[in-house]
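First comes the structure, then the notes that go with it.
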Amino acid sequence: MAADARALINVPQKAKRGEVIPIKALISHVMETGFRPNSTGQLIPRDIIKEFVCTYNGTEVFRAEFFPAVSANPFVSFTTVATESGTITMTWTGDNGFHATESVAITV
Amino acid sequence: MTEPLTMVATRRRFLIGAGGLVLMTTVPEARAQFLAQSEARAAAMQAAIKMIAGDAPTKSGRIKIELPPLVENGNAVPLGIKVDSPMTDADHVKAIHVFTEKNPQPNVAAFQLGPRAGTANIQTRMRLADTQLVVAVAEMSDGTFWRDEVEVVVTMAACLEES
Numbered sequence: 019m020a021a022d023a024r025a026l027i028n029v030p031q032k033a034k035r036g037e038v039i040p041i042k043a044l045i046s047h048v049m050e051t052g053f054r055p056n057s058t059g060q061l062i063p064r065d066i067i068k069e070f071v072c073t074y075n076g077t078e079v080f081r082a083e084f085f086p087a088v089s090a091n092p093f094v095s096f097t098t099v100a101t102e103s104g105t106i107t108m109t110w111t112g113d114n115g116f117h118a119t120e121s122v123a124i125t126v
Numbered sequence: 228m229t230e231p232l233t234m235v236a237t238r239r240r241f242l243i244g245a246g247g248l249v250l251m252t253t254v255p256e257a258r259a260q261f262l263a264q265s266e267a268r269a270a271a272m273q274a275a276i277k278m279i280a281g282d283a284p285t286k287s288g289r290i291k292i293e294l295p296p297l298v299e300n301g302n303a304v305p306l307g308i309k310v311d312s313p314m315t316d317a318d319h320v321k322a323i324h325v326f327t328e329k330n331p332q333p334n335v336a337a338f339q340l341g342p343r344a345g346t347a348n349i350q351t352r353m354r355l356a357d358t359q360l361v362v363a364v365a366e367m368s369d370g371t372f373w374r375d376e377v378e379v380v381v382t383m384a385a386c387l388e389e390s
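For the protein sequence lines, the chains are A and B, in the order given. Everything in the first sequence is counted per the working numbering, starting at 19 for the first residue and increasing by one. Everything in the second sequence is counted per the working numbering, starting at 228 for the first residue and increasing by one.
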């Protein structure tokens with residue numbers, strides 16, 4: 019599952035110490051709600067991303083819990099304080115063993 | 228001269244009355260079902276908010292929802308939330324929860340923040356199944372809860388049919 023998930027993340031490459039930086043993350047995922055019937059009238063089983071976690075050099079700075087009401091290809095934008103140079107890692111986990119990780123380096 | 232006019236009036240009144248009678252006898256079941264469902268969902272939203280805030284009051288203010296007032300396609304509605312907070316260790320937003328009144332499930336998303344976030348400014352995209360109320364609740368580090376609600380008109384609802 020993870021191999022075919024395409025994630026796009028947008029983090030500034032450089033920042034000043036203490037600066038509040040915007041982070042945007044988008045991942046391709048159907049986010050099937052589990053409430054929609056298919057052509058034979060049966061409900062399509064739920065298949066969503068349940069959790070998104072962003073860590074900054076291993077420290078969790080942001081976490082989001084998603085429900086079926088989050089749109090397909092979940093997008094989330096938030097901010098964090100640029101404290102030190104290092105890596106910002108984002109992890110998505112969901113139904114059917116879905117797991118995707120994306121990392122980006124930042125210079126402070 | 229007045230007689231035909233009253234006749235028309237009574238005929239019209241009769242037709243309206245008859246039409247109303249037909250509507251009242253056939254529609255109530257469906258209507259009752261619909262009302263029961265929307266009531267159940269509104270109650271589910273209140274229950275979901277209660278699960279987060281407990282018995283603490285949710286005051287309005289400090290948090291602001293940004294949603295378009297009129298939405299054409301309910302499948303991807305841009306949602307922005309801002310909370311007025313200094314985001315220091317002593318005073319910051321711990322979490323933001325988003326709820327809807329008429330979606331099949333009241334919860335939309337929950338965001339956990341902390342002083343490392345710098346600001347409480349989040350954007351995402353959500354689904355809306357109907358014209359309804361969207362509620363956001365912010366949980367502060369001092370244990371208070373703040374809420375904002377926005378009524379959104381949706382012309383094409385989400386999650387009705389297979390796309």
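We treat Cβ as the ideally placed atom computed from N, Cα and C, and that holds for glycine.
Each residue's CA atom was taken as its position, placing P313(B) and I290(B) some 13 Å apart. With respect to the C-alpha of V335(B), the residue from G341(B), F326(B) and A259(B) having the closest C-alpha is F326(B).
Per DSSP, the continuous beta strand (DSSP E) segment holding A365(B) begins and ends at Q359 to M367. Taken through DSSP and simplified to helix, strand or coil, M278(B) comes out as helix. In chain order, R343 and G345 make up the part of chain B whose C-beta sits under 7 Å from the C-beta of V99(A).
With fewer than 16 other beta carbons inside 10 angstroms of its own, M278(B) counts as exposed. Proximity of the segment 91 to 101 of chain A to the segment 30 to 43 of chain A meets the contact definition, three or more beta-carbon pairs being nearer than 8 Å. Beyond the five residues adjoining it in sequence on each side, G288(B) comes within less than 7 Å, by CB distance, of W373 in the same chain, given in chain order. Using a Cβ-Cβ cut-off of 9 Å, R24(A) does not count as an interface residue toward chain B, since no Cβ of chain B sits closer than that to its own. Distances from the alpha-carbon of W110(A) to those of R64(A), P63(A) and N91(A) put N91(A) closest.
With respect to the 9 Å criterion, D113(A) and I45(A) are not classified as neighbours on the basis of their beta carbons. If one requires a minimum length of 3 residues, the beta strand (DSSP E) runs lying completely within the segment 69 to 119 of chain A are 77 to 84, 93 to 99 and 104 to 112, in chain order.
Taking CB atoms only, F261(B) has no neighbour in chain A less than 9 Å away. Note that the C-beta distance between I323(B) and V381(B) is not below 9 Å. A contact between stretches requires three or more CB pairs, one per stretch, nearer than 8 Å, and the segment 335 to 348 of chain B fails this requirement with the segment 296 to 305 of chain B. Sequence-distant partners of A384(B) (beyond 5 residues in either direction) whose C-beta falls short of 6 Å from its own C-beta, in its chain, are G301, A356 and D357.
Contact of L340(B) with chain A is assigned, a C-beta pair being separated by under 9 Å. CA-CA distance, A283(B) to G76(A), rounds to 34 Å. D375(B) sits buried, since 16 or more C-beta atoms from the chains shown fall within 10 Å of its C-beta. By the neighbour-count definition (other C-beta atoms within 10 Å, threshold 16), L306(B) is a buried residue. Within the segment 76 to 87 of chain A, T77, E78, V79, F80, R81, A82, E83, F84, F85, P86 and A87 place their CB atoms closer than 9 Å to a CB of chain B, listed in sequence order. E256(B) counts as exposed, since fewer than 16 other beta carbons sit within 10 angstroms of its beta carbon. Interface annotation, V364(B): not in contact with chain A, CB-CB separation never under 9 Å. Between G59(A) and F261(B), the alpha-carbon positions lie close to 20 Å from each other.
DSSP, read as helix, strand or coil, puts Q264(B) in helix. F93(A) reaches chain B at T351 and R352, counting residues in chain order whose Cβ is nearer than 7 Å.
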